[in-house]
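**Q** Below you'll find the structure I mean.
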Amino acid sequence: MNMTTRKKFPLIRYLLAVGAAGFLILLTLLVLKQAPALGDIGNRTTLFLGFMAADVAFVLLTAILSIGFNCRMQGFLTATAILAGIGSAYQFLFEHYSKHITMVAGALVVGTVVYLIMRHYSKLPDGWFYMLVGIIGALLAINVLFGVAPPHTGARLWVQIGPISFQPGEVVKVLLILLGALAFRNHTRSLIYCLMCLVSCGVLLLLNDMGNAVIIFGVFVLMTYLLFDNRLLSLSIIAGALVLFVIALQLIPHAARRIDQWTHAMTNTAYPQQREYI
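Given below as structure tokens:
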């Protein structure tokens, strides 16, 4: 790499950081414009402005420190800050604002720890990868065999084990992200990862767990593009998966109804869960 290229990279990074901060400021102004029509929620402008100001400062500070110390976490931290800003903007419009700020803070801590661990142990033995495959398969099987649906939902999301209840789909969602990280630069593992994602989506669709199925599918599309050096192979897998997904929507009426709900989730107060996912 020549000296000219080295000099350009920091400038580009600074410009991207300033652009991210500018985006959050614009988002803040757009939300505040709607605040007067929101009643009690719209009166919490001080809390909202404080959080967004901290978010903008976080973007700029992490960018400066990352560039200055040649830290590779700049992209991760900047993306986290942008997502936190978008999430807080939407939650400002609706309910449970303080709860979601806590969740964002917790996600930042957990995400940072997982990032550092996975970066340090990026080349784990095959046994770790296949152990995760087995755990994901077991969780899906447990959900199919023992999953129960809360009243009025029809989605068999929950499994009760003694006094403890949990959603296997939520755990599968996280484990598939780790599985994708362990598959990086390994062709065989990457293909197995793709298969596990599609199997998980299919099982969750049959259980009427549309939310987790869509999230897993979205992450799968991104990861598939990153895992393979052959772009034609990546695009072929993604295209095939999209065809399967469309077929599934035709065969499973519940999935089609949930997709229809998402098309107007932000304007219809009957769909609070879809708003939170967005």
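Count the sequence shown with the numbering used here and you get residues 1074 to 1351, in order.
No residue lacks a Cβ here, since even glycine has one placed at the ideal position from N, Cα and C.
When the distance is taken between beta carbons, is residue 1158 closer than 9 Å to residue 1125?
**A** Taking the first residue of the sequence shown as 1, we reach residue 1125 at position 52. Taking the first residue of the sequence shown as 1, we reach residue 1158 at position 85. Result yes, Cβ atoms of residue 1125 and residue 1158 sit closer than 9 Å.
**Q** Specify the secondary structure class of residue 1233 as computed by DSSP and reduced to three states.
**A** In the sequence shown, residue 1233 corresponds to position 160, counting from 1. Strand.
**Q** For the 8 Å Cβ check, are there 3 or more pairs between the segment 1287-1298 and the segment 1248-1266?
**A** The answer is yes - the segment 1248-1266 touches the segment 1287-1298, with three or more Cβ pairs under 8 Å.
**Q** Roughly how many whole angstroms lie between the Cα atoms of residue 1307 and residue 1286?
**A** For this step, residue 1307 is matched to residue 234 along the sequence shown. For this step, residue 1286 is matched to residue 213 along the sequence shown. Cα-Cα distance, rounded: 20 Å.
**Q** Counting beta carbon pairs with one atom in the segment 1295-1302 and one in the segment 1315-1327, are three or more of them shorter than 8 Å?
**A** Counting Cβ pairs under 8 Å, fewer than three are found: no touch.
**Q** Taking the alpha carbon of residue 1187 as the point to measure from, which residue in 1276, 1208, 1247 has its own alpha carbon closest?
**A** Here residue 1187 refers to the residue found at position 114 when the sequence shown is read from its first residue. Ranking 1276, 1208, 1247 by Cα distance to residue 1187 puts 1247 first.
**Q** Output needed for residue 1327: all residues of its chain with C-beta closer than 6 Å, excluding positions within five of it in sequence on either side, in chain order.
**A** To locate residue 1327, count along the sequence shown from 1; it is residue 254. Closer than 6 Å at Cβ, skipping near neighbours: 1281.
**Q** Would you call the segment 1176-1185 in contact with the segment 1203-1217, where contact means no fewer than 3 C-beta pairs closer than 8 Å?
**A** Cβ pair count under 8 Å is below three, so no.
**Q** In the segment 1275-1330, which residue ranges form an unbroken alpha helix (DSSP H) of at least 4 residues, counting only runs that do not cross its ends?
**A** 1283-1300, 1304-1324, all fully within the segment 1275-1330.
**Q** What residue does the alpha helix (DSSP H) around residue 1241 start on, and which one ends it?
**A** Start at 1 with the first residue of the sequence shown, and residue 1241 comes out as number 168. Element bounds for residue 1241: 1241-1255.
**Q** Is the Cβ-Cβ distance between residue 1151 and residue 1132 less than 9 Å?
**A** In the sequence shown, residue 1151 corresponds to position 78, counting from 1. In the sequence shown, residue 1132 corresponds to position 59, counting from 1. Yes; because the gap between Cβ atoms is below 9 Å, this pair is in contact.
**Q** Taking the alpha-carbon of residue 1102 as reference, which of 1088, 1128, 1122, 1213 has the nearest alpha-carbon?
**A** On the sequence shown, position 29 is the one that residue 1102 refers to. Of 1088, 1128, 1122, 1213, the residue nearest in Cα terms is 1122.
**Q** State the beta-bridge partners of residue 1238 as determined by DSSP.
**A** Numbered from its first residue, the sequence shown carries residue 1238 at position 165. According to DSSP, which records beta bridges pairwise, residue 1238 is partnered with 1233.
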